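Taking it in order: structure first as structure tokens, then the write-up.
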Amino acid sequence: MEFSIEPIPVWAMCYLVNADTEGITDEEKAIIDKWWEQNNVVTVSPATDEEGSSHPYFSHFPAFGLGSDVIDCNVMMMK
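In terms of numbering that gives the first Met the number 0, the sequence shown opens at residue 0 and continues consecutively.
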């Protein structure tokens, strides 16, 4: 297993964490699924501070997709 912290788009979090596709398009789902499969992702969970909060910020280079607000997430991958 390999672990990394990745800037995951906020719009993708419900799908990645809860498998909830409501609110994303078929194209967005396909982008997420492609990233998941190409990187052999096992789990994604938001990285939190001491108080249990995540802090979104804008990134020009998220893990996938176009520039957007992201949340740093702990990503576990099979390598």
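Idealized CB from N, CA, C, for every residue including glycine.
This structure is a prediction, so every number in the text was calculated from the model and none was measured.
- Item | Runs of beta strand (DSSP E) wholly within the segment 19-62 (minimum 3 residues, chain order) | 40-45 and 56-58
- Query: What is the rounded straight-line gap between the Cα of Asp32 and the Cα of Ala62?
  - Reply: Locating residue 32 in the sequence shown gives position 33, where the first residue counts as 1. Locating residue 62 in the sequence shown gives position 63, where the first residue counts as 1. Taking the straight line from one Cα to the other gives about 12 Å.
- Message: I believe Asp71 touches Ala46 by the beta-carbon criterion, under 8 Å. Please report the beta-carbon distance rounded to the nearest angstrom.
- Response: Looking up residue 71 in the sequence shown gives position 72. Looking up residue 46 in the sequence shown gives position 47. Confirmed, Cβ separation roughly 4 Å.
- Item | Backbone secondary structure at Met12 - three-state DSSP | Along the sequence shown, one-based indexing puts residue 12 at 13. It is helical.
- Task: Say whether the segment 6-19 touches the segment 53-62, bearing in mind that this needs 3 or more beta-carbon pairs closer than 8 Å, one atom from each stretch.
- Result: yes
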